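To start, the structure under review is shown below, and the notes come after it.
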Amino acid sequence: MDNMNNLENATAHYCGQCKRKLPLDAFYFNKRRQCFDRYCKDCRKERSRIYYQKKEDTQYVNERTNYPVITRTEDPEKRTELILHAMQVVRASVLQKCKKQREEEAMRE
Numbered sequence: 003m004d005n006m007n008n009l010e011n012a013t014a015h016y017c018g019q020c021k022r023k024l025p026l027d028a029f030y031f032n033k034r035r036q037c038f039d040r041y042c043k044d045c046r047k048e049r050s051r052i053y054y055q056k057k058e059d060t061q062y063v064n065e066r067t068n069y070p071v072i073t074r075t076e077d078p079e080k081r082t083e084l085i086l087h088a089m090q091v092v093r094a095s096v097l098q099k100c101k102k103q104r105e106e107e108a109m110r111e
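Numbering (our numbering), first residue to last: 3 to 111.
Okay, here's the thing in structure tokens:
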């Protein structure tokens with residue numbers, strides 16, 4: 003409750019990155035925590051942009067496929083074989099799920 007009174011009385015806030023004193027409308031408000039962000043909107047946007055750029059860069063480095071990608075397979079016969087196998091796997095999975103649902107319904111009755 004004391005935190006809410008402080009928010010109501012505050013008119014400005016210091017940014018944790020650029021160290022400028024700015025009005026509260028220059029900060030995002032976190033509804034879950036009921037407080038303003040540590041960083042102003044400009045600094046938060048910059049930090050988020052840098053974070054996601056780093057995340058994208060590492061994502062492609064770590065991305066290794068241990069399975070053949072159907073759309074990247076050049077050989078038409080191999081591609082057809084992979085598609086048919088994928089369809090069989092999906093069909094078996096659907097049948098197994100239906101069987102499990104029927105068993106659960108039978109247990110309820």
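Don't be surprised by glycine CBs; every beta carbon is placed ideally from N, CA and C.
Bear in mind that the values here come from a model prediction, so they are computed numbers and not experimental data.
Between R35 and F29, what straight-line distance do the alpha-carbon atoms span, to the nearest angstrom? Walking along the sequence shown from the start, residue 35 turns up at place 33. Walking along the sequence shown from the start, residue 29 turns up at place 27. Cα atoms of R35 and F29: separation of roughly 14 Å, rounded to the nearest angstrom.
In whole angstroms, what separates the C-alpha of K23 from that of K57? In the sequence shown, counting from the first residue as 1, residue 23 sits at position 21. In the sequence shown, counting from the first residue as 1, residue 57 sits at position 55. If I take the Cα positions, the gap works out to 31 Å.
In whole angstroms, give me the CA-to-CA distance for A12 and K21. Indexing the sequence shown from 1 puts residue 12 at position 10. Indexing the sequence shown from 1 puts residue 21 at position 19. Those two C-alpha atoms are separated by around 17 Å.
By how many angstroms is the C-alpha of I85 removed from the C-alpha of T73? Position 71 of the sequence shown, counted from the first residue, corresponds to residue 73. Position 83 of the sequence shown, counted from the first residue, corresponds to residue 85. One alpha carbon belongs to T73, the other to I85, and they sit about 10 Å apart.
Limits of the unbroken alpha helix (DSSP H) element including R74: Translated into positions along the sequence shown, residue 74 becomes position 72. Neither: R74 is in no alpha helix (DSSP H) and is coded neither H nor E.
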